[in-house]
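As structure tokens, the structure follows; a few thoughts come after it.
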Amino acid sequence: MSQHTGGPVARTGFWSAVLTALLAAISFGVAVTTPPRSGPFAPPGSAIAYPYSGAARFVPRDFLWMYPALLMMLAFLVLAACLRERAAGELRLFGTIGLCLAAISVGVIAVDYFIQLQTVQPGLLRGEGPALAVVSQYNPHGIFITLENLGFLATSLSFAFLALTLGPSRAERAVRWVFLTCSALAVLAFVGMSAYFGFNLEYLFEVAVISLVWLTLIVSGILLAFVFARPADRISPETTRLRLGKKR
64 MSQHTGGPVA RTGFWSAVLT ALLAAISFGV AVTTPPRSGP FAPPGSAIAY PYSGAARFVP
124 RDFLWMYPAL LMMLAFLVLA ACLRERAAGE LRLFGTIGLC LAAISVGVIA VDYFIQLQTV
184 QPGLLRGEGP ALAVVSQYNP HGIFITLENL GFLATSLSFA FLALTLGPSR AERAVRWVFL
244 TCSALAVLAF VGMSAYFGFN LEYLFEVAVI SLVWLTLIVS GILLAFVFAR PADRISPETT
304 RLRLGKKR
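Going letter by letter, the sequence shown gives residues 64 to 311 in our numbering.
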């Protein structure tokens, strides 16, 4: 299906792409300037020990990046819906799969971050550190890291299917390459790092996948804003069949 520049899909797609890139840049910038307090990347001698009760002095500073990250994921979900609506013919199937994976990733990340913002923050300030240890972001192998791994793996897999909905323009080809590269690297990183580190994986994969996804959303958001700002190229039925490997 082709959408003209002024249509609702084009307008919504443009603004969701802009917001995705902007919010990804903001949340990534705030996150990388938040020093690790525990685990393998914590500076020697400054790591907070289990059950992480000492993290109360870092509330709310260490949690600020989650607010724009939540909004980023919502913007990405809208962007995925627009890519699905923009897809031509049989390629919509891949758009639907990508949208479903995006929705799963947003749901997982939203629950994960809301627990930190609404439960862990006030709990730390009330001296409830021991009861929060398993869900705290400071636990390098806790529920927070596990849900992030799952959520951003789903995001990276959604990229692979959304990539198949894109058209033949130069910008869309670039986005397709970015999406597929991120998806492949995320899966390879998870398999390889899990095999190498085993139960000592901690947040090493989380750092890798979150960096891949955020950088992908920044770059693809910018490119897709240009894609939605102009008339979409209609993908011919023949092109659709060739992509799907079908012949009449």
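All residues carry an ideal CB built from backbone N, CA and C; glycine is no exception.
Of all the options the options, which has the alpha carbon lying nearest to the alpha carbon of residue i?
i: A143; options: L180, W78 and V93; result: W78
i: W277; options: F253, G170, F222 and T228; result: F222
i: F207; options: F177, P231 and L243; result: F177
i: A132; options: P114, P107, L86 and V72; result: L86
i: V95; options: G108, R124, F224 and A80; result: R124
i: G205; options: A258, S101, F242 and I285; result: S101
i: C145; options: L134, M129, V282 and A165; result: A165
i: L134; options: I89, T209 and L229; result: I89
i: V241; options: L82, G261, I285 and L267; result: I285
i: F268; options: I281, L248 and T279; result: L248
i: L154; options: L225, A138 and T182; result: L225
i: P203; options: P71, G76, A110 and L140; result: A110
Give me the Cα-Cα distance between residue i and residue j, rounded to the nearest whole angstrom.
i: L127; j: V93; result: 7 Å
i: N263; j: V272; result: 17 Å
i: A105; j: G158; result: 40 Å
i: A292; j: C163; result: 25 Å
i: G190; j: Q184; result: 10 Å
i: P300; j: F289; result: Caution is warranted here: a pLDDT of 47 is assigned to P300, below 50, making its placement in the model unreliable, and the coordinate value is therefore given only provisionally. Between P300 and F289, the C-alpha separation is close to 24 Å.
i: R147; j: L275; result: 22 Å
i: V122; j: T209; result: 22 Å
i: N212; j: V198; result: 14 Å
What did DSSP end up calling residue i once you bin it into helix, strand or coil?
i: Y176; result: helix
i: T75; result: helix
i: S219; result: helix
i: E211; result: helix
i: P193; result: helix
i: T83; result: helix
i: A237; result: helix
i: A110; result: coil
i: T279; result: helix
i: Q181; result: helix
Please confirm whether residue i and residue j have their CB atoms less than 8 Å apart.
i: G214; j: V270; result: no
i: V169; j: M136; result: yes
i: L195; j: L187; result: yes
i: S246; j: S283; result: no
i: G192; j: Y115; result: yes
Would you give the residue range spanned by the alpha helix (DSSP H) that residue i belongs to?
i: R147; result: M129 to R149
i: P185; result: Q184 to L188
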